[in-house]
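Asker: One structure, pasted below without further comment.
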Amino acid sequence: MFAPPSNPSPQLQTVLRWFQAIVQWDFNALETLLSDDYLHVTLPASAGDPNKNKEHGIAHAKSTAALLGGQNMNFELYDANESEGKIWTHARLYTKLANGAVYDNESIFLFTLSAGKEPQINVIKEFIDTKAVAERAKAVSGDN
198 MFAPPSNPSP QLQTVLRWFQ AIVQWDFNAL ETLLSDDYLH VTLPASAGDP
248 NKNKEHGIAH AKSTAALLGG QNMNFELYDA NESEGKIWTH ARLYTKLANG
298 AVYDNESIFL FTLSAGKEPQ INVIKEFIDT KAVAERAKAV SGDN
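Numbering (my numbering), first residue to last: 198 to 341.
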């Protein structure tokens, strides 16, 4: 498990705040953390998930929150690799739903951030496990 340093860089602080905002469905925080030209790219392209700008990304988060009944999630950060303007993370977002189904999303997130004391997220490239996503969608929708 990744343990953030006691004094994380501003860009790592932004990424950690993004994870907190996602698992708590804090859409106001997301609005602040994402740059106006934000882009979310889901990889591999064969997943067929279209790229999302800031407006569509926040709308997607809201629809996911609704699908999960607004229940907060947990996150585990397994690893993070940081360089100037970029952070790569291996993370898991998960929760148990009221119907007993488990929402479990393990991804590699590739963040590109602006410079400065309060960096914003310009791009997230999320590499997903397409098989697990398909199985999770069936479990969450109750189509087992």
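Just so you know, even glycine gets a beta-carbon here, dropped at the ideal spot from N, CA and C. Here the structure is a predicted model, which is why all the values come from computation and not from measurement.
So what does DSSP say about Ser259, is it helix, strand or coil?
Answerer: Checking the sequence shown, residue 259 turns out to be Lys, not Ser. Reduced to three states, the DSSP call for Lys259 is helix.
Asker: Here's the rule: buried if 16 or more other CB atoms are within 10 angstroms of the residue's CB, otherwise exposed. What is Gln268?
Answerer: The residue is exposed, with fewer than 16 neighbouring Cβ atoms inside 10 Å.
Asker: At which residue ranges does the region 235-321 contain complete beta strand (DSSP E) runs of 3 or more residues, listed in the order of the chain?
Answerer: Taking only runs of at least 3 residues, the beta strand (DSSP E) segments lying wholly in the region 235-321 are 271-280, 283-293, 299-310.
Asker: Starting from Ala200 and walking both ways along the alpha helix (DSSP H), at which residues does that stretch end?
Answerer: First-last for Ala200: undefined, no H or E at that position.
Asker: In angstroms, rounded to a whole number, what distance separates the CA positions of Thr292 and Gly313?
Answerer: The straight-line gap from Cα to Cα measures roughly 34 Å.
Asker: For Leu231, which beta-bridge partners are listed by DSSP?
Answerer: In DSSP, Leu231 forms a bridge with Ile318.
Asker: My understanding is that Asp276 touches Arg289, with C-beta atoms under 8 Å, so please give their C-beta distance in whole angstroms.
Answerer: Wrong, their Cβ atoms sit about 11 Å apart, outside the cutoff.
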